[in-house]
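Heads up: the sequence shown begins at 1 in the working numbering, then just goes up one per residue.
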Amino acid sequence: MDPDEQRVTPTDQRSAAGSTPRLSVVVAGGGTAGHIEPALAVADAVHRLDPTARITALGTSRGLETTLVPERGYDLALIPPVPLPRKPGLELAKTPARLLRSVLATRRVLADVKADVVVGFGGYVSMPAYLAARAYLRPSRRLPIVIHEANASAGIANKVGARFADTVMAAVDGSGLDDAEVVGIPVRGVIADLDRTSLRAKARHYFGLDEDAPTLLVFGGSQGAQRLNDAVAGAADALGRAGIGVLHAYGPKNTIDPVSPDDAPPYRAVGYLKRMDLAYAAADLVMCRSGAMTVAEVSATGLPAIYVPLPHGNGEQRLNALPVVEAGGGVLVADDEVTADWVASEVPALLGDPARLAAMSVSAAGTGHGDAANAVARAALDLASSHRLGRRSRTARGAETPRATSSPDDRTADPDIESGPDIESGDNIESGDNTDRDDAASGAVVTGGVDGGGVDGGGADRGGADRSGADRSEVDGREVDGGAAFRSTGSAPKR
1 MDPDEQRVTP TDQRSAAGST PRLSVVVAGG GTAGHIEPAL AVADAVHRLD PTARITALGT
61 SRGLETTLVP ERGYDLALIP PVPLPRKPGL ELAKTPARLL RSVLATRRVL ADVKADVVVG
121 FGGYVSMPAY LAARAYLRPS RRLPIVIHEA NASAGIANKV GARFADTVMA AVDGSGLDDA
181 EVVGIPVRGV IADLDRTSLR AKARHYFGLD EDAPTLLVFG GSQGAQRLND AVAGAADALG
241 RAGIGVLHAY GPKNTIDPVS PDDAPPYRAV GYLKRMDLAY AAADLVMCRS GAMTVAEVSA
301 TGLPAIYVPL PHGNGEQRLN ALPVVEAGGG VLVADDEVTA DWVASEVPAL LGDPARLAAM
361 SVSAAGTGHG DAANAVARAA LDLASSHRLG RRSRTARGAE TPRATSSPDD RTADPDIESG
421 PDIESGDNIE SGDNTDRDDA ASGAVVTGGV DGGGVDGGGA DRGGADRSGA DRSEVDGREV
481 DGGAAFRSTG SAPKR
């Protein structure tokens, strides 16, 4: 068999009792943490609601999922990425063929894991998943789809997928998805249930911070945010003289050189933050970008925040932060206004006003939706159960009434993709990342099981959460032969 045509090797499909096949849930949200983290939060909720369920994450070798998913103990199936070049040219002309290849690879994954439902969160992994779930000639073979949109303005993948999805959910009203149920953004339980007060002393000790000094937490995307780095590091002396401690995640590829007075509270600069739960617990104030997932997590913890939207795209980050800011839980500052002088003036004033911080904390916490992950998980499990029952019923009828003749649909175990669902010009895939790398081969699976992520670890390594709409980055994952199975050797429980 051609390596590109190898299949994901299915794990045991039986429950602990050994009698009933497990429900199989596939989550699709690769690329940036803004798509991955909601997917993993829902995966955790599915696992809580049905510990026997099999959960598989869909991704590519380019995205952060190659790190985040195995750390959380879930299987990761790799498919070829389908980026959409921003300019007309040869790469754009290759997109339809790349999309077809990715859809076929995704369909093999869905067959191998015996998927009962696909749950998509947008991004360039979701489009092939939506098409693979529905693009069958026989309706009986189509899989139910649940879509969740985290951004204030939906991306192309979710706009297209919502046309034929069974259930559509969104973080906020006005996302552009008709009739979407507003549920908020799925947030990991370790963040949603965080007790900052009880963990503060432990968290500050963990990071080597002053236990009593007011503390500022700074982070940008997974690779940091240069504007924030320059402004805060440049104000290190003023912050130190004001008695403010700083925990600054500046990104692994960046460098900063903050200079604080010798007698000032510590200024802790780190490339990554392994424990975002403890980082939130250590802080009195956050300064960050305003990707959808960042806003959701910061609000869930009740942290007052200074949001600095990334000045790119269509203003999605500003829209993400507006509900919290309008409720009084945060401050919105334009990127070009954030300077060392601004930080030196405004941050000490805010941290020196405990009453205002307390009011902001209450307002921020009041904007969250604590049950979003469970809402999406319940919808997925309900559809998966219905699909499984329908499949059993069809199987039983087929056994009782043998067909005398066969139709064209019955001559192959894997019929060609039909012409639909129709995709209008320009709506075939979300704008993706760089296109100058070879496609990952189809169907590879990385089996999770590394301690330090999820509920146990509080989050994956990141220089702050790289959320939807935040500073985007790629992980230089090595190319993987199709279908090759990679198993990590850590000790986290296998999902």
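Backbone N, C-alpha and C define an ideal beta-carbon position, used for all residues, glycine too.
Computed from a predicted structure; not experimentally measured.
CB-CB under 6 Å to residue i, same chain, minus the five flanking residues each way: which ones, in chain order?
i, result
"Ser299", "Val324, Ala364, Thr367, Gly368"
"Ala242", "Pro348"
"Tyr267", "Ala236, Val246, Pro258, Ser260"
"Val146", "Val119, Thr167, Ala379, Ala380"
"Arg227", "Asp335, Val338"
"Ala233", "Ile256, Pro258"
"Ala344", "Ala235, Ala238"
"Gly370", "Ala192"
"Ala373", "Ala41, Val42, Ala45, Pro186"
State the Cα-Cα distance for the pair residue i and residue j, rounded to the nearest angstrom.
i, j, result
"Gly123", "Arg134", "18 Å"
"Lys253", "Leu389", "50 Å"
"Val286", "Gly59", "30 Å"
"Ser386", "Gly120", "18 Å"
"Thr255", "Ala231", "13 Å"
"Leu319", "Ile306", "14 Å"
"Gly63", "Leu78", "10 Å"
"Lys114", "Glu71", "23 Å"
"Leu239", "Asp212", "15 Å"
"Ala440", "Ser61", "Low confidence applies here, because Ala440 scores a pLDDT of 41, under 50, leaving its location unreliable; read the following figure in that light. Computed Cα separation, rounded: 6 Å."
"Gly34", "Ala157", "14 Å"
"Arg289", "Leu310", "6 Å"
"Glu497", "Asn229", "The structure shown does not extend to residue 497, since the chain is modelled only from 1 to 495, so the question has no answer here."
"Ala327", "Lys94", "46 Å"
"Tyr280", "Ala359", "17 Å"
"Asn151", "Asp210", "36 Å"
"Pro415", "Pro96", "Summary for Pro415: the model assigns pLDDT 36, below 50, so the residue's position carries little reliability; its value from the coordinates is reported in the next sentence. Whole-angstrom Cα-Cα distance: 19 Å."
"Ala355", "Ala296", "23 Å"
"Gly315", "Ile36", "21 Å"
"Lys159", "Leu131", "13 Å"
Taking the beta carbon of residue i as the centre, do at least 16 other beta carbons fall within 10 Å, making it buried, or is it exposed?
i, result
"Pro496", "Nothing can be reported for residue 496, as the shown portion of the chain is limited to 1 through 495."
"Thr106", "buried"
"Glu149", "buried"
"Gly208", "exposed"
"His312", "exposed"
"Ser153", "buried"
"Asp178", "exposed"
"Thr66", "buried"
"Gly174", "exposed"
"Thr294", "buried"
"Ala170", "buried"
"Asp263", "exposed"
"Pro304", "buried"
"Thr52", "exposed"
"Lys202", "exposed"
"Leu322", "buried"
"Val46", "buried"
"Leu217", "buried"
"Val139", "Val is not the amino acid found at residue 139; the sequence shown has Pro there. It counts as exposed."
Determine whether the beta carbon atoms of residue i and residue j lie at a separation below 8 Å.
i, j, result
"Ala282", "Arg204", "yes"
"Arg54", "Ser24", "yes"
"Val308", "Asp341", "no"
"Pro38", "Ile185", "yes"
"Asp50", "Arg188", "no"
"Val82", "Leu110", "no"
"Val69", "Val376", "no"
"Ala28", "Ala129", "yes"
"Val26", "Leu383", "no"
Please name the residue in the options whose C-alpha comes closest to that of residue i.
i, options, result
"Gly30", "Glu346, Arg141, Ala57, Pro96", "Ala57"
"Glu181", "Ala162, Gly189, Thr32", "Ala162"
"Gly155", "Ala292, Leu351, Pro81", "Ala292"
"Asp112", "Val125, Leu76, Pro85", "Leu76"
"Thr32", "Val125, Leu90, Thr95", "Val125"
"Gly302", "Leu90, Asn314, Gly329", "Gly329"
I'd like the list of long-range same chain contacts for residue i, defined as Cβ closer than 7 Å, with 5 residues on each side in sequence excluded.
i, result
"Gly458", "In this prediction, Gly458 scores a pLDDT of 43, lower than 50, which makes its location untrustworthy; no coordinate-derived value is stated."
"Asp284", "Pro214, Thr215, Leu351, Leu357"
"Val172", "Ala152, Val182, Pro323"
I'd like to confirm something about residue i: is its beta-carbon nearer than 7 Å to some heavy atom of the ligand MN, or not?
i, result
"Glu65", "This structure simply doesn't include the ligand MN, nor any ligand for that matter."
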